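K.L.:
Protein chains in written order, with my numbering: chain A, 1 to 371; chain B, 1 to 341.
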């Protein structure tokens with residue numbers, strides 16, 4: 001954009017020093033030893049899951065973590081970097097999922113359908129994000145929160161009502177292109193004792209696209225554009241006074257975030273071979289994303305990695321723990337109900353409130369302080 | 001405010017009267033008349049209109065507290081929905097021991113039961129509102145972003161707590177005997193409960209208007225909306241005013257919750273959050289912080305939903321959003337913009 005000062009100076013002093021890694025991470029290093037170790041561990045574990053764990057359960061968990069990292073990171077672009085709260089993020093997630101699902105179901109299981117579905121979903125997301133942005137952001141940022149909530153819930157109702165197209169509450173199951181089916185063999189010989197079948201290919205597509213999306217978002221928030229967003233977050237009036245058109249920047253951020261969420265939704269649908277209201281569109285996913293961003297750390301892209309990994313793992317394993325606790329306390333009034341496995345959100349909600357007050361930087365903020 | 005200095009006010013002249021903005025008010029009868037030819041039959045139209053009015057009143061009850069709290073305290077409470085649910089569940093405290101009153105053949109016992117339910121709900125939500133303000137909201141005055149996040153967190157915790165206390169499955173809530181059924185005048189059918197809802201809604205609206213415009217307390221609240229620092233400088237404890245308005249807003253949500261629950265005749269912990277979407281649309285349409293705007297907005301949304309639902313059911317799902325978009329294009333700040341913000 002022409003509004004940026006056409007200076008040839010390096011934008012950020014730290015950017016001068018740095019090799020390939022720094023370039024990949026857009027000079028936004030983790031800045032904490034423990035954080036670096038944790039991030040590397042997550043990266044290695046996700047990359048090697050098919051070879052480390054057997055069975056489909058760990059692979060599904062890993063794929064879910066990958067998708068949610070992208071979803072949460074794109075939400076952080078809005079919440080943490082631009083300082084506006086959207087409740088329509090799962091709407092875009094759902095649009096991506098439905099785009100793939102509808103295209104693959106109607107047009108047949110080819111790569112062409114995947115492309116058509118993705119492009120259609122991305123276009124719809126763009127139109128909706130721009131419309132919501134110009135309708136609400138020109139007035140006041142809190143309008144945006146309420147309007148996104150209203151639009152998202154209308155879309156959720158619409159998706160469940162238009163059951164001819166979307167499959168309603170049941171959702172849509174579909175066939176994947178041949179290369180992604182379990183029967184497909186990329187290599188005739190197993191590697192490290194693992195057969196390289198279509199599922200594995202699908203997992204690595206999810207993993208690599210997620211990684212690329214994450215690096216892209218890291219690039220965006222560390223670009224001059226990202227700095228303007230942060231300036232708007234810190235002081236809207238000052239940013240406006242400096243000549244940046246706040247509405248345009250906020251709308252652009254909301255569009256970028258929506259597009260990345262759409263891609264995440266497409267990945268989710270491709271991985272699950274299914275898309276329905278409960279996997280991508282429901283409001284409870286929106287709450288999950290909110291929890292992941294805040295607990296991981298708002299305004300730090302790495303927070304989304306930690307938040308998503310922690311949350312998805314907790315979703316799978318914390319409930320088992322709570323079940324044991326609840327059974328152990330049977331007989332005492334109310335207490336077993338409070339730690340009933342279905343009540344796990346109660347505790348995460350409390351953790352969420354505490355994090356907003358006490359650690360606005362979330363886990364990443366704590367780790368960076370303690371380095 | 002800057003215009004005080006530039007506007008010379010001679011003390012001898014009477015203060016200029018505030019002009020009433022009639023246009024948004026005319027919107028309602030205009031809409032109702034416009035819908036008449038599309039609906040076709042006159043009796044259906046009356047039924048739809050009365051049903052819409054009742055629905056609007058219930059939405060107004062639930063939304064008024066939120067818009068009042070925003071107007072005075074600049075607090076946007078996304079956890080407002082939980083007070084609606086909580087008010088609805090609080091009826092169980094009364095309905096447990098007094099279930100017989102609802103089955104009795106006496107109109108007065110039935111109405112008494114409804115009144116007791118409302119009292120219990122307002123009591124419970126008022127107390128929880130005071131705690132909510134102290135624990136959740138007070139630390140984040142001034143930051144909208146944190147308010148949204150923290151009240152969302154409060155909503156999650158409170159909703160889960162309702163699950164833990166009353167169980168996660170929906171609970172049926174039968175209407176008292178006398179409020180079931182409908183009045184029939186010729187072709188026009190009007191459900192009895194809707195008449196009660198319209199009555200209670202009107203009483204609350206008139207009461208709020210009188211309180212805000214005719215009493216000292218209302219004067220302070222309106223002054224607080226305009227300029228809280230000045231009210232404080234004049235020696236009034238704005239903090240106490242804030243807390244009482246928050247408690248009143250929560251209690252109103254509780255009242256709305258009772259009405260809404262009897263209308264739906266089932267209790268679920270998520271019912272408040274579901275209706276919050278409508279509530280937000282209404283307060284955006286009305287102009288954030290404006291009680292009158294909230295009233296007009298509620299009825300507007302409910303009428304449109306009813307008419308559209310009858311004429312073109314598929315469109316009804318997004319009619320609210322369309323109404324909101326049109327209003328915002330016409331008046332970006334809502335129908336009755338509140339001066340300061």
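Every residue, glycine too, gets a C-beta built ideally from N, C-alpha and C.
None of these values were measured; they are calculated from a predicted model.
Residues in the region 136–169 of chain A with C-beta within 8 Å of chain B's C-beta atoms, listed in sequence order?
P.N.:
Against chain B - using a Cβ distance shorter than 8 Å - the residues of the region 136–169 of chain A are 136, 138, 139, 140, 141, 142, 143, 145, 146, 147, 149, 150, 151, 153, 154, 157, 158 and 161.
K.L.:
What does the alpha-carbon distance come out to for the pair residue 81(B) and residue 63(B)?
P.N.:
Their backbone Cα atoms lie some 10 Å apart in a straight line.
K.L.:
For residue 192(A), does the three-state DSSP call read helix, strand or coil?
P.N.:
When DSSP states are grouped into helix, strand and coil, residue 192(A) belongs to the coil group.
K.L.:
Between which two residues does the alpha helix (DSSP H) harbouring residue 245(B) extend?
P.N.:
238–264
K.L.:
Would residue 303(A) pass as an interface residue toward chain E - the criterion being a Cβ-Cβ separation below 7 Å?
P.N.:
Absent here is chain E; the protein component of the structure consists of chains A and B.
K.L.:
Flag residue 250(A) as yes if its beta-carbon sits less than 7 Å from any beta-carbon of chain B, otherwise no.
P.N.:
no
K.L.:
Do you know whose CA, among 168(B), 151(B), 118(B) and 51(B), lies nearest residue 291(A)'s CA?
P.N.:
151(B)
K.L.:
Please list, in chain order, the chain A residues whose beta carbon lies closer than 8 Å to that of residue 333(B).
P.N.:
139
K.L.:
What is the DSSP secondary structure of residue 45(A), counted as helix, strand or coil?
P.N.:
helix
K.L.:
Count the C-beta pairs between the region 91–100 of chain B and the region 108–118 of chain B that are closer than 8 Å, then say yes if the count reaches three, no if not.
P.N.:
yes
K.L.:
Looking at the unbroken beta strand (DSSP E) that takes in residue 183(A), where does it start and where does it end?
P.N.:
First-last for residue 183(A): undefined, no H or E at that position.
K.L.:
List, in order along the chain, the chain B residues whose C-beta lies closer than 7 Å to that of residue 350(A)?
P.N.:
157
K.L.:
Taking the alpha carbon of residue 68(B) as the reference point, which residue from 271(B), 211(B) and 87(B) has its own alpha carbon closest?
P.N.:
211(B)
K.L.:
Evaluate the contact criterion for the region 273–285 of chain A versus the region 93–110 of chain A: three or more CB pairs, one atom per stretch, below 8 Å.
P.N.:
yes
K.L.:
Of all the residues that make up the region 62–80 of chain B, which are near chain A by a beta-carbon distance shorter than 7 Å?
P.N.:
76
K.L.:
Taking all protein chains shown into account, decide if residue 88(B) is buried (16 or more other Cβ within 10 angstroms of its Cβ) or exposed.
P.N.:
buried
K.L.:
Tell me which same chain residues have a C-beta within less than 6 Å of the C-beta of residue 311(B), skipping the five on either side of it?
P.N.:
The beta carbon of residue 311(B) lies closer than 6 Å to those of 38 in the same chain, with the five residues before and after it left out.
K.L.:
Put residue 306(B) into one of helix, strand or coil per three-state DSSP.
P.N.:
helix
K.L.:
Does any C-beta atom of chain A lie closer than 7 Å to the C-beta of residue 321(B)?
P.N.:
yes
K.L.:
Could you give the DSSP three-state label for residue 139(A): helix, strand or coil?
P.N.:
coil
K.L.:
Quick check: what's the CA-CA separation for residue 179(B) versus residue 47(B)?
P.N.:
17 Å
K.L.:
Between residue 286(B) and residue 297(B), which are expected to be in contact by the criterion C-beta below 8 Å, what is the C-beta distance as a whole number of angstroms?
P.N.:
Between the beta-carbon of residue 286(B) and that of residue 297(B) there is about 4 Å, and that keeps the pair under the 8 Å contact cut.
K.L.:
What residues match up with residue 275(A) in a beta bridge as DSSP calls it?
P.N.:
172(A)
K.L.:
Mapping the DSSP letters down to three states, classify residue 133(B) as helix, strand or coil.
P.N.:
helix
K.L.:
Start and end of the alpha helix (DSSP H) containing residue 101(A)?
P.N.:
89–107
K.L.:
Using 8 Å as the threshold, is the region 260–272 of chain B in touch with the region 303–320 of chain B, meaning 3 or more CB pairs across them?
P.N.:
No contact exists between the region 260–272 of chain B and the region 303–320 of chain B.
K.L.:
If distances are taken between C-alpha atoms only, which option among 324(B), 228(B) and 251(B) comes closest to residue 125(B)?
P.N.:
251(B)
K.L.:
Assign residue 191(B) to one of two classes, buried (16 or more other C-beta atoms within 10 Å of its C-beta) or exposed (fewer than that).
P.N.:
Buried: at least 16 other Cβ atoms inside 10 Å.
K.L.:
Is there a Cβ of chain A sitting closer than 7 Å to that of residue 338(B), yes or no?
P.N.:
no
K.L.:
Just reading off the alpha helix (DSSP H) that residue 158(B) is part of, what are its end residues?
P.N.:
144–166
K.L.:
Starting from the C-beta of residue 221(A), find all residues in its chain whose C-beta is less than 7 Å away, skip the five residues before and the five after it, and write them out in chain order.
P.N.:
77, 81 and 301
K.L.:
Between which two residues does the alpha helix (DSSP H) containing residue 201(A) stretch?
P.N.:
198–221
K.L.:
Compare the Cα-Cα distances from residue 283(B) to each of 105(B), 156(B) and 334(B) and report the closest residue.
P.N.:
Per the Cα distances, 334(B).
K.L.:
Just reading off the beta strand (DSSP E) that residue 190(B) is part of, what are its end residues?
P.N.:
Residues 188–191.
K.L.:
Exposed or buried, residue 159(B), counting other C-beta atoms within 10 Å across all chains shown (16 or more means buried)?
P.N.:
The residue is buried, with at least 16 neighbouring Cβ atoms inside 10 Å.
K.L.:
So if DSSP puts residue 185(B) in a beta bridge, which residue, or which two residues, is it bridged to?
P.N.:
Note: residue 185(B) sits in a beta bridge opposite 188(B).
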